[in-house]
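Going down the list, the sequences are from chains A and B. If you want our numbering, it's the position in the first sequence, counting the first as 1, plus 11. If you want our numbering, it's the position in the second sequence, counting the first as 1, plus 17.
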Amino acid sequence: MAQSKPIAQGIDITERKQSEETRRKSEEKYRSILENITEGYFENDLHGNLTFFNDSLVEVYGYTRDELMQMNYHQYMDEENVQKVSQAYNKVYTTGEPDGGIQFEIIRKDGIKRCLENSVGLMRDTDGQPAGFRGISRDVTKRKQIEETLRLSEERYRSILDIIGDAYTEIDLAGNMTFINKESFKFLGYSEAEFVGMGYKNYTTPENAKKLFEIYNRIYRTGEPARLVEYELTAKDGTAKIAEATTELMRDKSGNPIGFRTITRDITQKKQMEEALRQSEERYRTIIENIQDGYFEDDLAGKFTFVNDMICKHLGYSREEMIGMSNRLFQDEINAQKANQAFKEVYETGEPIKALDMEIIRKDGTIRFSEVSVSLMRDAQGKPIGFRGISRDVTERRKAEEQLKRYAAELERSNEEVKNFAYIVSHDLRVPLVNLKGYTSELRSALGVIGSNFDAALPHLNDEKRSEVAMALHEDVPEALEFITNSVSRMDSFINAILILARLGRQDLKPEPIDMNALVKTTVETMSHQLQERGIEVIVGALPHVAADRTSMEQVMGNILSNAVKYLDSSRPGRIEVTAQANGAETTFRIRDNGRGIAAEDMHKVFAPFRRAGKQDTPGEGMGLAYVQTLLRRHGGRISCESELGKGTTFIFTIATRSEKGARDA
Amino acid sequence: MPDIQDVTILLAEDDPGHARLIEKNLRRANIKNEIAFATNGQEALDYLFCEGGYANNKHASHVLVLLDLNMPVLDGYQVLERMKKDERTKRIPVVILTTTDDSREVNRCYELGCNVYITKPVDYEQFSEAIRKLGLFLMVVTIPDGVGR
């Protein structure tokens, strides 16, 4: 309180006396005013001691008038308030300007704090020198309390608005933002400074702006809030955001509209998820409606709750007929039991069942075959609520399979018949052969008996008869017998060949690991005399081990090699090459010669029984390669032949490299 | 013990040519025994059991059977099987004489209880030789007592 300044001294009182009466009256007027106002009036000296005050002030301070007089402000306030008050008074003293709002707290005599607001001005003496301060003191304690309550309340609402996670905005009737919470600018990617005062047209498309305008217009007109309206907003970075907003009209005290308040929720992600879900749902629905398989869902009682078109088609019922239908209606007892058992198993184990064979009775009574896969359907809590599955109509496939099976059985049967036929024929043909041979032989010896006795009969015949009988006895009959004997021999060898072929197809194979190098070497050695004599070169490459029947392999190699030797071209030195190549489970052998070759038109005879191709200057019955082919087939192998007339022939055959099932029955 | 001369040879053979060749060759081997002919399996059994066409016959005192396999009505296997199952005939010696030389069939016949298995050679010289040897063999065979009764 301008303590540095001395208090003014030397006051002239002569002139004051002259106008004493005037002043007395004026003073009385002011005193009466002062005593009647509710605000406190005070005067301080420059040290801050109260020099004058009204009753209202006495009441506020809680001291008696006497106690209060000359009381210094230090005495009724704490240090903090002393600082505040002294600074404000100093400023008034220094500038000479009054201060209309110094707020501070006093401590009353009874210890209660009051909040005061003083309007203070400088008091000057007649010389214009500062003499003290005067002012009005208002008790604002109550107002302060209300203000604090309001501030707390406002803060509460603001903090609620900040933590709700939804945008809260208030706009005036012109559409300008008047209040926003943090979420408002955050979700569109603006800073608060950018966002405040921004019109809604800045963050939405014209189309949406129009929609918004209409909504706000309606709210304004009807006074009814618009709840959960969806619209699109554009974020700062240009991405579209989907908002869900509830807007209501804001009114002033008198009920006049002053703007709108809106709570906006960002449902972009929710929408995206919904869309993804919708697409996914659509995808599955499209798949289910377009697959060629039937799709169904059952409740736990086995009644259809959902079916696709295809299953309706399969069963011949309409969708409406199908829903709620139990399997007993389209399955006979055996199949229904089978289905129930399977569903029970799925329910108990939780494991799906795949490709269960079922018979289905269509609405029209025809029977279809179906392959059903079933799995358990659970709710969100994992509780079983039913079954879903796929039902494939396999009727056509089943028919085809059955037909194939029939064909295979027929083929096997006819194959067996052919084998048996060959066997039986070769045996039964022997019976008449025995007779033919036996009785030609008997005939020959009978003829011998006749012949030896014939000479005795000769003298009884004339010359003509004699030579006739001699002709018959010594030429015609022996010649006829010769032809019969030769033909019978040929027939015998044919029958034997067929018999061998039939036996090769029946005999038991004993697969064992075979070193083909050793086997070929042995085979070549048995022919060594012939090879040396004719200067034939045999080259054997590195041959692998195979799993096969040893005797069969000896026959195969023996036949092919002796054929190669047999049909060499005498005009050039013979050369036979044996090579092999293992490729996976199979080994391919090649036996190449530089012999006379086979003409293209004879190729089909190569593996046929009793057929011999080309020039026949070597003995043989034409069965060798037929045997070879039968043996290789029984080993699951095959043989082919490449040849060029005049150049040579290559026989190529394959056999399992090594396998327990290296041989199997043909 | 019966004299081998008293033994009747039952030749079961459907092919008359074969039967005749066998008979001829047996005779040439100096077999003088009585030979009975059956042209199928049923006839052979009827002869052995004195049934059917042989119902009025007396049982031959001792029999030895030369049996072909492939015969009509009843084949050789069936005849062999029935003979070996029947108390009256199971001890009668049976010689299988057939064209088949398949090892499986040979085994089957021995399993069914045949005594000798001979394959008829197609070649006549060998055929004659085989029958001649059979004849020699038959001459030294001892037939069990009381068979055929």
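We put the CB at the ideal spot given by N, CA and C, even for glycine.
**Prompt:** Would you call GLN22/B buried or exposed, if buried means 16 or more other Cβ atoms sit within 10 Å of its Cβ?
**Reply:** As a first step, residue 22/B must be located in the second sequence, where it is residue number 5. Under this definition GLN22/B is an exposed residue.
**Item:** Close Cβ partners of LEU387/A (< 7 Å) along its chain, the five nearest in sequence each way excluded
**Value:** As a working mapping, residue 387/A is identified with position 376 in the first sequence. Cβ within range, chain order: VAL357, TYR358, GLY361, PRO395, PHE398.
**Asked** Can you check whether the CB of ASN192/A is closer than 8 Å to the CB of ASP173/A?
**Response** Taking the first sequence and counting its residues from 1, the one referred to as residue 173/A is at position 162. Taking the first sequence and counting its residues from 1, the one referred to as residue 192/A is at position 181. Against a cut-off of 8 Å, the Cβ pair of ASN192/A and ASP173/A comes out as a contact.
**Prompt:** My guess is that LEU642/A and SER563/A are in contact by the Cβ rule of under 8 Å, so how many angstroms apart are they, rounded?
**Reply:** In the first sequence, residue 642/A corresponds to position 631, counting from 1. In the first sequence, residue 563/A corresponds to position 552, counting from 1. Yes, LEU642/A and SER563/A are in contact; Cβ-Cβ is about 4 Å, under 8 Å.
**Request:** Hey, could you find the ends of the beta strand (DSSP E) THR180/A is sitting in?
**Result:** Reading the first sequence from its first residue, position 169 is the one you call residue 180/A. Looking at the DSSP string, the run of the beta strand (DSSP E) that includes THR180/A is 178-183.
**Request:** Going by CA-CA distance only, name the one from LEU114/B, ILE148/B, ALA53/B, GLU128/B that's closest to ALA77/B.
**Result:** Within the second sequence, the letter at position 60 stands for residue 77/B. Taking only the C-alpha atoms, the option nearest ALA77/B is ALA53/B.
**Which listed residue (GLU407/A, ALA467/A, VAL69/A) has its alpha carbon closest to that of ASP150/A** = Sequence index remark: in the first sequence, residue 150/A carries index 139 (1-based). The candidate whose alpha carbon is nearest that of ASP150/A is VAL69/A.
**Asked** From GLY682/A to THR115/B, what does the alpha carbon distance come to, in whole angstroms?
**Response** Residue 682/A lies beyond the residue range present for chain A, which begins at 12 and ends at 677; the question has no answer from this structure.
**Request:** Report the neighbours of LYS448/A on chain B: residues whose CB is nearer than 7 Å to its CB, in chain order.
**Result:** By one-based count along the first sequence, residue 448/A stands at place 437. VAL139, ASP140, TYR141, listed in chain order.
**Request:** Sort out for me which residues DSSP pairs HIS79/B with in a bridge.
**Result:** If you number the second sequence from 1, residue 79/B lands on position 62. When DSSP reads this structure, HIS79/B sits in a beta bridge with VAL24/B.
**Message:** At the level of alpha carbons, what is the spacing between GLU286/A and THR279/A?
**Reply:** If you number the first sequence from 1, residue 286/A lands on position 275. If you number the first sequence from 1, residue 279/A lands on position 268. Cα to Cα, the separation comes out at about 10 Å.
**Prompt:** Between SER4/A and ILE157/A, is the Cβ-Cβ spacing less than 8 Å?
**Reply:** Only positions 12 to 677 of chain A appear in the structure, and residue 4/A is not among them; the question remains open.
**Continuous alpha helix (DSSP H) stretch holding ILE298/A: start and end** = If you number the first sequence from 1, residue 298/A lands on position 287. It spans 279-301 - the alpha helix (DSSP H) in which ILE298/A sits, taken as one unbroken run.
**Request:** Rounded to whole angstroms, what's the CA-CA distance from GLN283/A to ILE253/A? Just pull it up for me.
**Result:** Here residue 283/A corresponds to residue number 272 of the first sequence, with the count starting at 1. Here residue 253/A corresponds to residue number 242 of the first sequence, with the count starting at 1. Each residue's alpha carbon lies about 9 Å from the other.
**Request:** Keeping to the same chain, check which residues put their C-beta closer than 6 Å to that of LYS120/A; ignore five residues upstream and five downstream.
**Result:** Residue numbering aside, residue 120/A sits at position 109 when the first sequence is read from its first letter. Only GLY73, TYR74 meet the Cβ criterion.
**Message:** For ASP63/B and CYS126/B, I'd like the C-alpha separation in whole angstroms.
**Reply:** Walking along the second sequence from the start, residue 63/B turns up at place 46. Walking along the second sequence from the start, residue 126/B turns up at place 109. Cα to Cα, the separation comes out at about 21 Å.
**Prompt:** Is it buried or exposed for THR660/A, if we count other Cβ within 10 angstroms and need 16 for buried?
**Reply:** Counting from 1 along the first sequence, the entry for residue 660/A is found at position 649. Counting Cβ neighbours within 10 Å, THR660/A comes out buried, since at least 16 surround it.
**Asked** Taking C-alpha atoms, which residue in LEU311/A, LYS355/A, GLN352/A lies nearest to GLY335/A?
**Response** As a position in the first sequence, residue 335/A is number 324, starting the count at 1. Comparing Cα-Cα distances from GLY335/A to each of LEU311/A, LYS355/A, GLN352/A, the minimum goes to LEU311/A.
**Prompt:** Helix, strand or coil: how does DSSP classify ASP375/A here?
**Reply:** Translated into the one-based positions of the first sequence, residue 375/A becomes position 364. In this structure, ASP375/A counts as coil in the three-state DSSP scheme.
**Residues that LEU444/A contacts on chain B, provided the C-beta gap is smaller than 7 Å** = Position 433 of the first sequence holds residue 444/A. Under the 7 Å cutoff, chain B gives VAL139.
**Item:** Near-chain B residues of the segment 475-505 of chain A - C-beta to any C-beta below 7 Å
**Value:** ASP503
**Message:** Need the endpoints of the alpha helix (DSSP H) that PHE494/A sits in, please.
**Reply:** Here residue 494/A refers to the residue found at position 483 when the first sequence is read from its first residue. Start and end: 488-515.
**Message:** Which residue marks the beginning of the beta strand (DSSP E) containing THR136/B, and which one marks its end?
**Reply:** Counting from one through the second sequence, the residue named residue 136/B turns up at place 119. Element bounds for THR136/B: 133-136.
**Asked** How close, in whole Å, do the beta carbons of PRO110/B and ASN132/B come, if the pair is a contact with beta carbons under 8 Å?
**Response** By one-based count along the second sequence, residue 110/B stands at place 93. By one-based count along the second sequence, residue 132/B stands at place 115. Right, their Cβ atoms sit about 5 Å apart.
**First through last residue of the alpha helix (DSSP H) which encompasses ALA433/A** = Against the first sequence, residue 433/A aligns to sequence position 422. Here the alpha helix (DSSP H) through ALA433/A covers 406-439.
**Message:** How far does the beta strand (DSSP E) with PHE618/A in it extend, from its first residue to its last?
**Reply:** Within the first sequence, the letter at position 607 stands for residue 618/A. Counting along the chain, PHE618/A falls outside any beta strand (DSSP E), and DSSP gives it neither H nor E.
**Prompt:** So, are the CB atoms of GLU655/A and GLY608/A less than 8 Å apart?
**Reply:** Locating residue 655/A in the first sequence gives position 644, where the first residue counts as 1. Locating residue 608/A in the first sequence gives position 597, where the first residue counts as 1. It is a contact, given that the beta carbons lie within the stated cut-off.
**Request:** Could you check how far apart the C-beta atoms of GLU203/A and PHE190/A are, in whole angstroms? I think they sit under 8 Å.
**Result:** To locate residue 203/A, count along the first sequence from 1; it is residue 192. To locate residue 190/A, count along the first sequence from 1; it is residue 179. Contact flag wrong, Cβ pair sits at about 11 Å.
**Request:** Identify the continuous alpha helix (DSSP H) that holds ALA117/B and give its terminal residues.
**Result:** To locate residue 117/B, count along the second sequence from 1; it is residue 100. What sits at residue 117/B in the sequence shown is Thr, not Ala. Note, THR117/B: premise wrong, no alpha helix (DSSP H); not H, not E.
**Asked** Of all the options ALA391/A, SER402/A, GLN392/A, LEU288/A, which has the alpha carbon lying nearest to the alpha carbon of GLU308/A?
**Response** For the purposes of this step, residue 308/A is taken as residue 297 along the first sequence, with counting starting at 1. If we check each option's Cα against that of GLU308/A, SER402/A comes out closest.
**Message:** Quick check: is the beta carbon of ARG417/A nearer than 8 Å to any beta carbon in chain B?
**Reply:** Taking the first residue of the first sequence as position 1, residue 417/A is located at position 406. Cβ-Cβ to chain B under 8 Å: no for ARG417/A.
**Prompt:** Along the segment 87-117 of chain B, what residues have a CB closer than 8 Å to any CB found in chain A?
**Reply:** ASN87, THR116, THR117
**Message:** Below 8 Å on the Cβ atoms is my contact criterion, and I expect MET634/A with LEU520/A to pass it. Report the Cβ-Cβ distance as a whole number of Å.
**Reply:** Translated into positions along the first sequence, residue 634/A becomes position 623. Translated into positions along the first sequence, residue 520/A becomes position 509. With a Cβ gap of about 19 Å, MET634/A and LEU520/A do not count as contacting.
**Request:** Could you spell out the range, first to last residue, of the alpha helix (DSSP H) harbouring THR33/A?
**Result:** Numbered from its first residue, the first sequence carries residue 33/A at position 22. Per DSSP, THR33/A belongs to the alpha helix (DSSP H) from 31-47.
**Prompt:** Is it buried or exposed for SER329/A, if we count other Cβ within 10 angstroms and need 16 for buried?
**Reply:** In the first sequence, residue 329/A corresponds to position 318, counting from 1. The residue in question, SER329/A, is exposed, as its Cβ has fewer than 16 Cβ neighbours within 10 Å.
**Request:** Excluding the 5 residues preceding and the 5 following PHE662/A in the sequence, name in chain order all residues of the same chain whose CB lies nearer than 7 Å to its CB.
**Result:** Numbered from 1 along the first sequence, position 651 holds the residue referred to as residue 662/A. ILE571, ILE602, ILE650, CYS652.
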